[in-house]
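These notes concern the structure reproduced below.
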Amino acid sequence: MRRQYPFHEIEPKWQKFWDEQDSFRAWNPGESVPESHPFASRHKDLLNTHNLPPKFYALDMFPYPSGSGLHVGHPEGYTATDIVSRYKRMRGFNVLHPMGWDAFGLPAEQFAVKNNLHPRVTTEKNVHTFKGQLKKLGFSYDWSREINTTDPAYYKWTQWIFLKLYNSWFDSSSNKARPIEELPIPNQMTDASDIQKFRDDHRLAYVSEAPVNWCPALGTVLANEEIIEGKSEVGGHPVERRPMRQWMLRITAYADRLIHDLDHVNWPEGIKMLQKNWIGRSEGAEVDFKIVGSDKIITVFTTRPDTLFGATYMVLAPEHGILRDISPTAYDATVPLNWKGQESTPQLSVAAYQKAAAKKSDQDRQLGKVKSGVFTGAYAVNPVNNAQIPIWIADYVLSGYGTGAIMAVPAHDERDLQFAQTFDLPIIQVVEPPAGQESIGFIGYGTAVNSGFIDGLPTGDAKIKMIDWLENKSVGRRMINFKLRDWLFSRQRYWGEPFPIIWMNERHFGLDDADLPLIPPDLVDYKPTGTPEPPLSKAGDWVNIKFTNPYTREVGEARRELNTMPQWAGSCWYYLRFTDASNSKNFVGSEVERYWMNSSSPDQSKVKGVDLYVGGTEHAVLHLLYARFWHKVLFDYGLVSTPEPFYRLVNQGLILGETELHVFEGANGKAISLTQLRDIDEEATPEGLRLFAFEKASGAKVIGRRLAAEDVEKKGEHFVLKVDPSIAVDGRSFKMSKSRGNVINPDSVVEEFGADALRLFEMFMGPLEQVKPWNTKGVEGVYRFLGRAWRLIMEEKQDGSWDVSAKVQNVPADPRILKILHETIRKVSEDIENLAFNTAISQMMIFVNEMTATEVKSVEVLKTFVQLLNPFAPHLTEELWEILNKVEGTHVAVLVYAPWPSYDAALLVEFEVEIVLQVNGKLRDKMKVPVDLSSAEMERLALANPRVAEMLAGRTPKKVIVVPNKLVNIVG
RNA sequence: GCGCGCGUGGUGAAAUGGCAGACACGCCAGACUUAGGAUCUGGUCCCGUAAGGGGUGGAGGUUCAAGUCCUCUCGUGCGCACCA
């Protein structure tokens, strides 16, 4: 296609200019701004008093620099924050808009292993590619603050924060993290090694031997959060449970705060909900059950203590530690008697069942399948009625939640009912449902029955009375439980932050801050070992060191921790580092942190944290939860000044591949033109047609093969399907993927249409938060719009070069145009604040359409319009700004720091408004009346209208509704 | 199964309870052109020659007035999934 305007010259020109001028530099408190910088001239007054203007922190989720380069999904969110950043800069804010690289992680290492390259090398290469691609899109990043999580100068502080966690315990009385030295030691504890162990058990970063998710294919353990349907999130490999010694972070201590503080941030409700569900708070009670013939007690957690009288058996998770103690006979041998004490067919031994359960993947343990379990031979005593109930083990009870044991109330729990029916266990109704509902299997709230002292109480009251009773008798207590588990924080990987931890005599010690960063050894072979032994074990010199025990001063052979941190570590605090990226003394300077993370202007008094954070929903739970957790620990120490990191969060919607047409036979469809499909042109090969036939649930007959070139006929300019005219065609969009062949490369879009068109299109597609398909024709549409805007000012000469149009003149604005201009100022300003970029662009299109039709074009008006368009299409507008300034004969200043236009409300006042006349709610006519006409007068005019009279057909109006300046509705 | 969101032209979408379909794609017609995958102008929800009527997944409801609010229902997307 012919170029609409010379973007190929304009874009590199201004990118170079911005680079050289350092236009987008954000200034920290205490920094001196060079007089030559446009920021200085814009904020002369403030800088004279050594003050900075109000800040605005617009943050993108920094990318993982993958080998395949930028994807069109990246620029979507980046453009949104860039528009806001440029807008805020013009509004006079000191804008922090940074970018960096989340460069540790599995894919980099896997790629490196496969191609026999060091991950550092491939990472550097990928970062270079990404950065080049981003620069070509004209984002206003302050590149002086670029950070990379794999840079020792950065991960030094990641390790430092880890040590903070390591050297802390959670004081539940003050609900805060405190230094481990302040942990109260039990009086009777005097032995130094006991004390050390006691402390180790309370650290926010601790070592656990619990069963973890081991992924043999990846050669590492994974966090619960990284497992989807029993498979690894990365690669989809099977995962098995096995006990391993791992580092955990005590995120559960913060569960309550992580829920509550969501009330104070401006996030999408859906994301708040996801986090709340993930944390999974539930209120209930713990109940202690005595075991018959033993002095042991089993504690269960229940949200329905009111159903305690209906507990007819108890179930323990297979991994429950008490099993060996309570069922010595049944543990290794089969139980000869069933739970009723009768002889029965032999069942598995407890040990055998445990073994079988451990092998099962999570998927095999899913709901809906037949429940399995074995009787342990032991009985527990129900504290409310002293009934002896059999104790079973079953894998439908999870070891990681609550106490790993439940009281089973089959009458009022779906799973317990299923289990009871399978094993013929008693079912006792204890809740009477509202009328008309089946009582057995009823799980809602009703009235207590067959329940002694709580009979007749509604469920809510019954719960309270039961808990009071339990607490009185010291056999139970009020309890809140969370689904959230502690965060498995170690990985058996090379390409991650090494732990600043040393092991000596089976004890771990944290490094001193002075020893950071701890840099990993340069291995020749950093491939996973295929066993739980991390790759770092291969670096003998690095691993084995002499160490002095800081407590005992004992010197000896020690070993470094061989695990590395997960990829999430670096992204947990990068937004803080951006505020002070080159600070070598601190993870971030406190004055700087306060400036950027807190409100600094009165009108933003509620804004705490990053002002705007835009990214994909894929991080709705993990990254955002982890980062909030770290932030809160830092907050407890006063190292950051806000309880939450991100004030306003927005999720951009996924961009799907271009719509594919799917064809059916037999339904009531018609042959359609295929020009919407870009790949069909004269050069198209049969393979090039992205056209598939597929089966539709409605039963339309399927063509059953991929369409070929023969199926398409050329009619004039268009291609038409040569299929039966009774064919139905359906359009569908899919996620972009290499295998589907529908990935759009931003580079090729920039090449063909320019960066401004790509930016504009991604914003024009629809609401930012919505999922939407790519459409190359749509890019052409906004590209044409930019061309029209360019041609408002420029004219093409015979030789193809451009010159200022003679229609552009130094004249006052036409009043009609002025009104549209001010409407556009208002609409664009409001829409940017609301991130409604699509409608802002629509308004600017309306303006350009109007302006195109005028003969003489006022420079002043055009300049204002160019300012409005600038955040969206920065290159084109800088060029036009320069040209218009020349025409006007004014001093050329960079548009980046030009003040944002304000609209004149007086110009928007209407003198006449169009009133809609309705009869019985139906539009019948319209009339023009002076603005703010009285209701009585409007009514009179409406009734006098001939169309209205006609529609009333002589009836007397029963009622007349008058909405001032809007409509009159006559009910007749 | 549970939770949340979304259903508007051929397509992407607009619409503080007040004229449904702004803006754009596509399509149709015209102008200018050696040419047009450039540009410009006009048209384009459905039925109807028209008057008029119908129309925001479906069925009800509230209201003078519903795409918008309520109830039910169907479809679809996302998330969680034996969490006691």
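Counting from 1, position 718 in the first sequence corresponds to residue 728 in our numbering; the numbering is continuous, with no gaps.
Even for Gly, the Cβ is constructed at its ideal location relative to N, Cα and C.
Between the alpha carbons of residue 492 and residue 42 lies a gap of roughly 50 Å. Taking C-beta atoms under 8 Å as the contact rule, residue 949 and residue 929 fail to qualify, at a distance of about 13 Å.
Rounded to the nearest angstrom, the gap between the Cα atoms of residue 102 and residue 656 is 22 Å. Residue range 215-218 is occupied by the beta strand (DSSP E) that includes residue 218. For residue 27, the uninterrupted alpha helix (DSSP H) run begins and ends at 17-31, by DSSP. For the pair residue 26 and residue 66, the CB atoms are not nearer than the 7 Å cut-off. Between residue 856 and residue 913, the C-beta gap is not smaller than 7 Å, which leaves the two residues out of contact.
A check of alpha carbon separations from residue 874 across 318, 854, 474 identifies 854 as the nearest. Contiguous beta strand (DSSP E) elements confined to the segment 349-398 occur at 384-391, taking only those with 3 or more residues. Residue 142 sits in a helix when the DSSP states are folded into three classes. With a 10 Å radius around the Cβ and a threshold of 16 neighbouring Cβ atoms, residue 901 comes out exposed. Distance from the CA of residue 790 to the CA of residue 749, rounded to the nearest whole angstrom, comes to 26 Å.
Remark: fewer than three beta-carbon pairs, one from each stretch, lie closer than 8 Å, so the segment 801-811 and the segment 881-888 are not flagged as touching. Judged by beta-carbon spacing, residue 666 lies within the 7 Å limit of residue 745, meaning their Cβ atoms are closer than that value. Residue 108 is positioned such that its CB atom lies no closer than 7 Å to that of residue 147.
Looking from the CA of residue 569, the closest CA among 579, 501, 556 belongs to 556. With contact defined as three or more Cβ pairs closer than 8 Å, the segment 398-413 and the segment 317-332 are in contact. Under DSSP, residue 292 forms a beta bridge with 491. If you look at residue 104, you'll find it in the beta strand (DSSP E) that goes 104-106. Under the criterion of beta carbons closer than 8 Å, residue 886 and residue 833 do not qualify as touching, at roughly 22 Å.
With a 10 Å radius around the Cβ and a threshold of 16 neighbouring Cβ atoms, residue 283 comes out exposed.
Considering only 518, 255, 934, the residue with the shortest C-alpha distance to residue 203 is 518. Rounded to the nearest whole angstrom, the CA to CA distance from residue 759 to residue 770 is 12 Å. For the 7 Å CB-CB criterion, residue 166 and residue 527 form a contact.
Residue 533 holds the alpha-carbon nearest to the alpha-carbon of residue 122 among 567, 947, 625, 533.
By the neighbour-count definition (other C-beta atoms within 10 Å, threshold 16), residue 561 is an exposed residue. The DSSP assignment places 632-646 as complete runs of the alpha helix (DSSP H) inside the segment 618-674, in order along the chain (cut-off: 4 residues). Sequence-distant partners of residue 407 (beyond 5 residues in either direction) whose C-beta falls short of 6 Å from its own C-beta, in its chain, are 325, 327, 416. Looking at the DSSP output, residue 323 bridges to 418. For residue 312, the closest alpha carbon among the candidates 230, 588, 486 is that of 486. Judged by DSSP in its simplified three-state form, residue 974 adopts coil rather than helix or strand.
Contact check for residue 169 and residue 544: beta-carbon distance about 16 Å, past the 8 Å limit, so the pair fails to qualify. In the three-state reduction of the DSSP assignment, residue 529 falls in the coil class, being assigned neither a helical nor a strand state. For residue 922, the enclosing beta strand (DSSP E) has its first and last residue at 922-929. Pairwise C-beta distances place the segment 202-221 in contact with the segment 170-186, as three or more of them are shorter than 8 Å.
Burial of residue 476 is indicated by the presence of at least 16 other C-beta atoms within 10 angstroms of its C-beta.
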